[in-house]
Amino acid sequence: MNNFSRESGVLLHLTSLPGPHGIGDLGQSAFQFIDQLEQMGQKLWQILPSGQPDNCYSPYSTISAFCNNPLLISLDLLCEDGYIEKKELNRCPNFPKEKVDYKAVELFKIPLLQKAADRFQRNATSDEIKSYQSFCNANNYWFDDYTLFIILRSLEDGKQWSDWSEAFAMRDAQTLAQIRLDYYRKIENIKILQYFFYMQWRGLKEYANKQGIRIIGDIPIYISYNSADVWSNRNLFKLDGDGRMMAQSGCPPDDFIKEGQIWGHPIYNWAQHKDSGYEWWIARLKYLFEFVNIIRIDHFNGFAKYWEVNVDDSNGMRGQWIEGPGEPFFQAVNTALGDRPIIAENLGEASINAAPIMEKFNIPGIIILQMTFKEKEKPSPVSENMVVYTGTHDNDTIIGRFNSMNSNGHPVQSELELKAERDRALSFFNSDGSNIHWNFIKLALDSEARMVITPLQDILGLGTESRMNIPGTVGNNWEWRYSEDLLLPEMVEKMRSLIKNSGRI
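Numbers 19 to 523, taken from the numbering used here, label the letters of the sequence shown in order.
Written as structure tokens, this is what we have:
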């Protein structure tokens, strides 16, 4: 299913890009970052899921399996297209540069996006209307449910869909038909914002590919309960007659949380998915492949077996393993989509169960290099068909993990265990720790793995304050941004030299 040359890339989510409007977007800074990737000799840019998050702002918990986040639309590009006035951008608040203040961004950006959509409805050229209509026709299979969900959620003051009025929650056909008529212009605006994202992203992806940069997208295995997909496809999930979850997602005790984790997503009714020929999943993967060159499947192990937790439990201790859809799922995907490049995030206890699937379909798994000194004097051997990460969005930065003198962010390990781990790493690298991030980057690049991914925070040599996410926690996650002046020319040159010497250019 996969053919990779020897190459290297950077992990950086779109929200973390610099820029004046409080959040990274698809505008100038994204194009500049692609130029910096090319200067470093990188061939890959990995992002996190770009869907529209629910209230916790996690990109791994979205209100639709298909929609993209309107907050990522570039206001500057809309201004160039004539849908936002320059004076409107001049009223931009003084946003912090080092983090995303999501509430403040929403207050500033959403009204401007609505103005732009209104102006598109009034002023779009015939060619733009034709392009927009073509986009709507191509995405009609999910647009109707998504737009209705947004309107109804607004009418119900943001409540969970199972708490809506019965006609809304149970999808009364006559009621929904009336909503389509009464809120036609608002529904069009919702679609137009998705169109804006698509057009801006298409330009960015074309630019990246011309520069020799392929984009790795990320698809969460689960979807939020309070989503258009669960509301409109209840048969595909384990719900009771009232639409309430019968079980929830999570994971058993692991290296992050000793009590296990509660993710809170609904569990799939895999028998129904199988009966449909996995139609929903295939459509989901196909749509993402329109935006990216490679897909990383988060929590890939869940297709082999998954941890199902009682809906009333507050931790993952009492869950149970349930067999997933396995090989038939990927055979259906392969038949429908052809031989597409996929990466498996196969960390965790169930990785041994996922291994036969990965081997049969030639799907590479991942290894997180900073985690390999926990119990060993040197890292585990790395095979060619692997993707090596110095760390991911769920890990501390290398500097944070190996230079911090406390166990903050490492709740499973004691300070004594952390010190022993650091000592093993420093001994292996014969290092005093001052350049531990470069030691790890070089080790990853020199490995046998065909693909190496480094979070930008590790290239920049940043500490725990720049961590993207701490699993099992809510709040203060997904906020980190970098400033343009942090990526120094000498860092770019050093990275290029390491990549060249490792044979990845």
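C-beta: ideal position from N, C-alpha, C; glycine also. No experiment lies behind these values; they were computed from the predicted model shown.
Check: Can you tell me the Cα-Cα spacing of T491 and S79, whole angstroms?
Finding: Taking the first residue of the sequence shown as 1, we reach residue 491 at position 473. Taking the first residue of the sequence shown as 1, we reach residue 79 at position 61. Whole-angstrom Cα-Cα distance: 14 Å.
Notebook entry, point to check: Is DSSP giving S401 helix, strand or coil here?
Noted result: In the sequence shown, residue 401 corresponds to position 383, counting from 1. Looking at S401 - three-state DSSP - the assignment turns out to be coil, as it is neither helix nor strand.
Margin query: For M188, count the other beta carbons within 10 Å of its own beta carbon; 16 or more makes it buried, fewer makes it exposed. Which is it?
Written below: Your numbering for residue 188 matches position 170 in the sequence shown. Exposed, since its Cβ has fewer than 16 Cβ neighbours within 10 Å.
Next item on the list: Would you tell me roughly how many angstroms separate the C-alpha atoms of N207 and L66, rounded to the nearest one?
Entry: The sequence position of residue 207 within the sequence shown is 189, counting from 1. The sequence position of residue 66 within the sequence shown is 48, counting from 1. For N207 and L66, the distance between alpha carbons rounds to 25 Å.
Note to self: Three Cβ pairs or more, each shorter than 8 Å: is that satisfied between the stretch 377 to 388 and the stretch 328 to 337?
What the structure shows: no
Note to self: Taking the alpha-carbon of L504 as reference, which of L463, G27 and P36 has the nearest alpha-carbon?
What the structure shows: Position 486 of the sequence shown, counting from 1, holds the residue named residue 504. The candidate whose alpha carbon is nearest that of L504 is P36.
Next item on the list: Please work out which residues of its chain come closer than 7 Å, Cβ to Cβ, to R440, disregarding the five sequence neighbours upstream and downstream, and give them in chain order.
Entry: Taking the first residue of the sequence shown as position 1, residue 440 is located at position 422. Same-chain partners within the cutoff: F420.
Next item on the list: Measure from the alpha carbon of L578 to the alpha carbon of each residue in W63, T415 and R109, then state which is nearest.
Entry: Summary: the structure shown does not reach residue 578, with the chain confined to residues 19 through 523, and so no result is reported for it.
Next item on the list: Could you say which of E106, V123 and F51 lies nearest to E497 if we only look at CA atoms?
Entry: The count along the sequence shown starts at 1 and reaches residue 497 at position 479. The residue with the shortest Cα to Cα distance from E497 is V123.
Next item on the list: Could you say which of Y101, G479, W288 and S515 lies nearest to F214 if we only look at CA atoms?
Entry: By 1-based counting over the sequence shown, the position of residue 214 is 196. When only C-alpha atoms are compared, the closest one is Y101.
Check: K117 lies in the beta strand (DSSP E); which residues open and close that run?
Finding: For this step, residue 117 is matched to residue 99 along the sequence shown. First-last for K117: undefined, no H or E at that position.
Notebook entry, point to check: Among R302, W219 and F446, which has the Cα closest to the Cα of L355?
Noted result: Working through the sequence shown from its first residue, we reach residue 355 at position 337. Minimum Cα distance to L355 is reached at R302.
Checklist line | Closest residue to T548 among W456, D53, R485 and A467 (Cα-Cα distance) | finding: Outside the shown range of the chain, which is 19 to 523, sits residue 548, and nothing can be said about it.
Next item on the list: For N495, collect the residues of the same chain with a Cβ closer than 6 Å to its Cβ; drop the 5 residues on either side in sequence, then sort them by chain order.
Entry: Residue 495 sits at position 477 when you count from the first residue of the sequence shown. So the qualifying residues of the chain are N487.
Next item on the list: With DSSP as the reference, please indicate the residues paired to P71 in a beta bridge.
Entry: Counting from one through the sequence shown, the residue named residue 71 turns up at place 53. P71 is bridged to T80.
Checklist line | Own chain, CB closer than 6 Å to A134, minus 5 neighbours either side, in chain order | finding: In the sequence shown, counting from the first residue as 1, residue 134 sits at position 116. Within the same chain, A134 has close Cβ partners L96, Y101 and I102.
Notebook entry, point to check: Do V400 and E466 come within 7 Å of each other at the CB atom, strictly closer than that value?
Noted result: The sequence position of residue 466 within the sequence shown is 448, counting from 1. The sequence position of residue 400 within the sequence shown is 382, counting from 1. In contact: E466 and V400 (Cβ atoms closer than 7 Å).
Check: Just curious, the beta strand (DSSP E) that L29 is in, first and last residue?
Finding: As a first step, residue 29 must be located in the sequence shown, where it is residue number 11. Unbroken beta strand (DSSP E) run through L29: E25 to L29.
Notebook entry, point to check: So is A195 buried or exposed if we call it buried at 16+ other beta carbons inside 10 Å?
Noted result: Within the sequence shown, residue 195 is the residue found at index 177, counting from 1. Answer is exposed; the Cβ neighbour count stays below 16.
Note to self: Can you check which of these residues, F309, R203 and I361, is closest to G69 by C-alpha distance?
What the structure shows: Reading the sequence shown from its first residue, position 51 is the one you call residue 69. Taking only the C-alpha atoms, the option nearest G69 is F309.
Next item on the list: Keeping to the same chain, check which residues put their C-beta closer than 8 Å to that of H428; ignore five residues upstream and five downstream.
Entry: Position 410 of the sequence shown, counted from the start, is the residue given in the question as residue 428. Because the pLDDT at H428 is just 49, under 50, the model does not fix this residue reliably, and the point stays unresolved.
Check: What's the call for I128, buried or exposed, on a 16-neighbour Cβ count within 10 Å?
Finding: By one-based count along the sequence shown, residue 128 stands at place 110. Its Cβ having fewer than 16 others within 10 Å, I128 is exposed.
Next item on the list: Give the DSSP-derived three-state secondary structure of E362 in the structure shown.
Entry: Reading the sequence shown from its first residue, position 344 is the one you call residue 362. According to the sequence displayed, residue 362 carries Ala and not Glu. A362: strand per DSSP, three-state reduction.
Check: Tell me, which residues are paired with A265 by DSSP?
Finding: By 1-based counting over the sequence shown, the position of residue 265 is 247. Paired residue(s): N328.
Check: How many Å lie between K396 and N328 at the Cα?
Finding: The residue labelled residue 396 in the question sits at position 378 within the sequence shown. The residue labelled residue 328 in the question sits at position 310 within the sequence shown. Cα-Cα distance, rounded: 39 Å.
Margin query: Given a cut-off of 7 Å on the beta-carbon distance, is the pair Y164 and Y120 in contact?
Written below: Residue mapping note: residue 164 aligns to position 146 of the sequence shown, counting from 1. Residue mapping note: residue 120 aligns to position 102 of the sequence shown, counting from 1. No, Cβ-Cβ distance for Y164 and Y120 is not below 7 Å.
Next item on the list: Using a threshold of 7 Å, state whether the C-beta atoms of I285 and K323 are closer than that.
Entry: Counting from 1 along the sequence shown, the entry for residue 285 is found at position 267. Counting from 1 along the sequence shown, the entry for residue 323 is found at position 305. Their beta carbons are not under 7 Å apart, which means I285 does not touch K323 by this criterion.
Note to self: Within 10 Å of its beta-carbon, does G521 have 16 or more other beta-carbons around it, so buried, or fewer, so exposed?
What the structure shows: In the sequence shown, counting from the first residue as 1, residue 521 sits at position 503. Looking at its Cβ environment, which holds fewer than 16 other Cβ atoms inside 10 Å, G521 is exposed.
Notebook entry, point to check: For S23, which option in I239, H39, L44 and Q60 has the closest C-alpha, if you only look at C-alpha atoms?
Noted result: Residue 23 sits at position 5 when you count from the first residue of the sequence shown. When each option's Cα is compared against that of S23, the closest is Q60.
Next item on the list: Can you tell me the Cβ-Cβ gap for N380 and A372, rounded? I've got them flagged as a contact below 8 Å.
Entry: Here the question's residue 380 lines up with position 362 in the sequence shown. Here the question's residue 372 lines up with position 354 in the sequence shown. With 8 Å as the limit, N380 and A372 do not qualify as a contact, their Cβ atoms being about 14 Å apart.
Notebook entry, point to check: Hey, is W456's beta-carbon within less than 7 Å of any beta-carbon in chain B?
Noted result: Here chain B cannot be found, since the structure has a single protein chain.
Checklist line | Straight-line gap, S183 to D190 (C-alpha atoms, nearest Å) | finding: The count along the sequence shown starts at 1 and reaches residue 183 at position 165. The count along the sequence shown starts at 1 and reaches residue 190 at position 172. The straight-line gap from Cα to Cα measures roughly 10 Å.
Check: Quick one: what's got a C-beta closer than 8 Å to L306's C-beta in the same chain, skipping five residues either side?
Finding: One-based indexing of the sequence shown puts residue 306 at position 288. Closer than 8 Å at Cβ, skipping near neighbours: G235, I237 and I313.
Item checked: Neighbour-count burial assignment, G342, 16 or more Cβ in a 10 Å radius -> Numbered from 1 along the sequence shown, position 324 holds the residue referred to as residue 342. Answer is buried; the Cβ neighbour count reaches 16.
Next item on the list: Give every residue of the same chain whose Cβ lies closer than 7 Å to the Cβ of Y240, excluding the five residues on either side of it in the sequence, and list them in chain order.
Entry: Translated into the one-based positions of the sequence shown, residue 240 becomes position 222. Once the five neighbours on either side are set aside, the close Cβ partners of Y240 are S267, W281 and H283.
Note to self: Using a 10 Å radius around the Cβ and a threshold of 16 neighbouring Cβ atoms, would you call Y159 buried or exposed?
What the structure shows: Taking the first residue of the sequence shown as 1, we reach residue 159 at position 141. Exposed, by the Cβ-count rule.
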